[in-house]
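Going by this note's numbering, the residue at position 268 of the sequence shown is 268; the numbering climbs one at a time, nothing skipped.
Glycine included, each C-beta is placed from N, C-alpha and C at the ideal position.
Since the structure is predicted, the reported quantities are computational estimates derived from the model, not experimental observations.
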Amino acid sequence: MKARGWAGWWGWLWRQALRRKKRDLSRATPVAVSEGGDGWNSLGGDFLPLPGRMPFESLRLYRHLRDSVPDLSDAVWTWKRLCQTERRIFVEPQAEGLSREEVLQHLSEFEGRIHGRGGGLAGLLDLFYASLFTFGAAALEVVPGGARGGIHDVVPVDVWTVRFRQEGHDLRPWQVVAGRETALPPDFFFYLGLDRDGTNPYGRSMMAALPGLVRIQQDLLSDMARATRNAGWNKLHVRYHPGDPPEDEESSVYEERVRNHLQKLSEHLKSTAIDQNLITLDNVSVDVLSGNQRNQVFYENHKAVEEQVITGMHMMPVLLGRNYGSTETYGTAQFEVVNRQVQTVNRQVADMLTRIYSLELALAGVDAQVRVSLEGNRTVDVLRSAQANHVETETLLKLLDRGLITEDDAKESLLEKERWG
């Protein structure tokens with residue numbers, strides 16, 4: 001009996017271990033960890049590095065480049081305005097909740113309430129996109145209001161102060177300002193990294209590949225300006241003929257006399273006004289050297305570097321005023337590619353706005369589900385686009401009439417087309 005008792009006890013322990021193992025497997029976490037973390041012993045350790053272990057101070061360099069280099073400034077300006085497209089909110093109110101119109105009215109008031117001094121949601125998104133295309137990342141923090149008061153405000157966060165630390169299998173956001181570390185609330189902190197590398201959360205700036213190229217471009221512009229100014233304007237070439245020295249004059253005295261005459265002549269030329277003439281003895285001759293303005297080699301070199309800058313910012317030449325093709329199709333194709341890139345970014349931004357709107361409704365006690373969609377930019381040829389949509393719709397209706405698809409399939413296709421443009 002005693003033996004059977006011990007066996008029963010060990011059997012019970014074994015069954016408990018199996019149950020615990022099943023529970024652990026059901027909530028298993030990924031084995032892979034973020035770059036720079038070891039997955040288990042990084043609690044309280046160093047922050048995760050930027051991609052390629054670049055210093056965080058490089059983010060401030062990107063801002064300087066954006067503000068001081070015209071091509072980069074134009075690219076960021078163009079990208080963020082291309083992404084500022086029309087927002088559409090799809091509402092699915094619950095049975096006992098507010099109506100669709102009431103939910104939309106509530107969200108409209110919310111958009112005007114947040115970031116009040118900065119132009120509401122439109123101004124907040126302008127800052128968000130500027131940060132996204134400058135630093136490769138953008139961040140927002142939601143400030144909740146009182147009980148059933150919804151969101152009090154949504155404020156931008158300077159991404160160059162944001163750090164991530166791996167705690168266990170979770171990435172926790174922190175803010176570092178003046179050496180002081182502040183934990184950011186994960187439930188109210190929204191961070192979007194552009195072109196992230198694997199598990200690295202920070203995102204990657206388009207300007208990461210450009211500092212060396214921009215330095216070459218600016219040096220080339222400086223050299224071109226100096227050379228153009230030097231070769232492009234007429235100049236006076238003044239030659240002074242001191243003559244042979246007298247027999248009784250020492251060589252040192254002769255040299256000193258010549259230097260004094262040259263200095264006086266130079267001072268006289270510098271002080272001569274445009275409408276004054278030169279009066280000299282016959283030991284001074286004045287010739288005019290004509291400028292030629294032949295500096296095409298500089299333009300060709302700068303054009304080659306400039307094209308690399310445009311490519312590095314993922315822009316198309318036509319959007320920055322350069323169009324190397326002679327047909328409308330060339331510019332249209334470039335614009336279509338840019339619109340695809342805009343849609344890719346805006347889908348991530350729309351998902352973030354959906355979460356923020358849902359958080360606002362939840363905190364305000366509104367029982368409704370919403371989804372945000374950011375529309376694409378209109379095509380270059382509106383008529384051709386409308387004709388293509390007409391043909392697609394007619395084809396869908398013909399498939400439905402012949403019974404090749406169901407009515408639900410047709411509706412889903414139309415909804416998907418409306419959702420993604």
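Same chain, Cβ closer than 6 Å to residue i, five either side skipped, listed in chain order
{"i": "Thr406", "result": "none"}
{"i": "Met207", "result": "Tyr62, Leu65"}
{"i": "Ala410", "result": "Leu396, Leu400"}
{"i": "Val69", "result": "Val214"}
{"i": "Ser251", "result": "none"}
{"i": "Asn339", "result": "Gly376, Asn377"}
{"i": "Trp79", "result": "Phe133"}
Cα-Cα separation, residue i to residue j
{"i": "Trp245", "j": "Lys235", "result": "Reading off the sequence shown, one finds Pro at residue 245, where the question assumed Trp. The straight-line gap from Cα to Cα measures roughly 30 Å."}
{"i": "Gly97", "j": "Glu360", "result": "15 Å"}
{"i": "Gly212", "j": "Leu363", "result": "48 Å"}
{"i": "Leu43", "j": "Phe188", "result": "In this predicted model, Leu43 has a pLDDT of only 39, less than 50, meaning its place in the structure is not dependable; the value taken from the coordinates is given anyway. If I take the Cα positions, the gap works out to 22 Å."}
{"i": "Val176", "j": "Gln218", "result": "33 Å"}
{"i": "Gly146", "j": "Phe135", "result": "34 Å"}
{"i": "Glu109", "j": "Gly312", "result": "40 Å"}
{"i": "Ala139", "j": "Phe190", "result": "6 Å"}
{"i": "Arg347", "j": "Pro201", "result": "18 Å"}
{"i": "Tyr129", "j": "Leu107", "result": "21 Å"}
{"i": "Asn260", "j": "Pro55", "result": "57 Å"}
{"i": "Val391", "j": "Thr161", "result": "51 Å"}
{"i": "Ser413", "j": "Arg378", "result": "21 Å"}
{"i": "Ala333", "j": "Leu82", "result": "16 Å"}
{"i": "Pro186", "j": "Arg53", "result": "24 Å"}
{"i": "Asp408", "j": "Ile114", "result": "39 Å"}
{"i": "Glu394", "j": "Arg402", "result": "13 Å"}
{"i": "Leu404", "j": "Lys398", "result": "9 Å"}
{"i": "Val103", "j": "Lys303", "result": "53 Å"}
{"i": "Thr182", "j": "Ser131", "result": "21 Å"}
{"i": "Glu247", "j": "His268", "result": "30 Å"}
Nearest-angstrom Cβ-Cβ length linking residue i and residue j, presumed shorter than 8 Å
{"i": "Glu111", "j": "Leu127", "result": "About 15 Å separates the two Cβ atoms, so there is no contact after all."}
{"i": "Val157", "j": "Ile151", "result": "Their Cβ separation, rounded to whole angstroms, is 15 Å, which puts Val157 and Ile151 out of contact at 8 Å."}
{"i": "Val159", "j": "Leu72", "result": "That pair is no contact at about 17 Å."}
{"i": "Arg165", "j": "Phe47", "result": "5 Å"}
{"i": "Val154", "j": "Ile356", "result": "7 Å"}
{"i": "Gly444", "j": "Leu125", "result": "There is no way to answer for residue 444, as the model of the chain reaches only from 1 to 421."}
Counted within 10 angstroms of its Cβ, other Cβ atoms place residue i as buried (16 or more) or exposed
{"i": "Arg204", "result": "buried"}
{"i": "Lys264", "result": "exposed"}
{"i": "Asn277", "result": "exposed"}
{"i": "Pro51", "result": "buried"}
{"i": "Pro173", "result": "buried"}
{"i": "Ile274", "result": "exposed"}
{"i": "Leu192", "result": "buried"}
{"i": "Lys270", "result": "exposed"}
{"i": "Ala386", "result": "exposed"}
{"i": "Leu210", "result": "buried"}
{"i": "Ala178", "result": "exposed"}
{"i": "Ile279", "result": "exposed"}
{"i": "Ser266", "result": "exposed"}
{"i": "Val337", "result": "exposed"}
{"i": "Arg163", "result": "buried"}
{"i": "Leu415", "result": "exposed"}
{"i": "Ala388", "result": "exposed"}
Chain-order list of residues whose beta-carbon lies under 7 Å from that of residue i (same chain, five-residue window excluded)
{"i": "His314", "result": "Met206, Gln341"}
{"i": "Leu353", "result": "Val372"}
{"i": "Val305", "result": "Leu213, Ile216, Gln217, Leu220"}
{"i": "Asp195", "result": "Gly136, Gly203, Arg204"}
{"i": "Asp287", "result": "His237"}
Own chain residues within Cβ distance below 8 Å of residue i, not counting five before or after
{"i": "Ser285", "result": "Val238, Arg239, His241"}
{"i": "Thr85", "result": "Val342, Asn346, Leu374, Glu375, Gly376, Asn377"}
{"i": "Gly243", "result": "Asn283"}
{"i": "Gly116", "result": "Asp153"}
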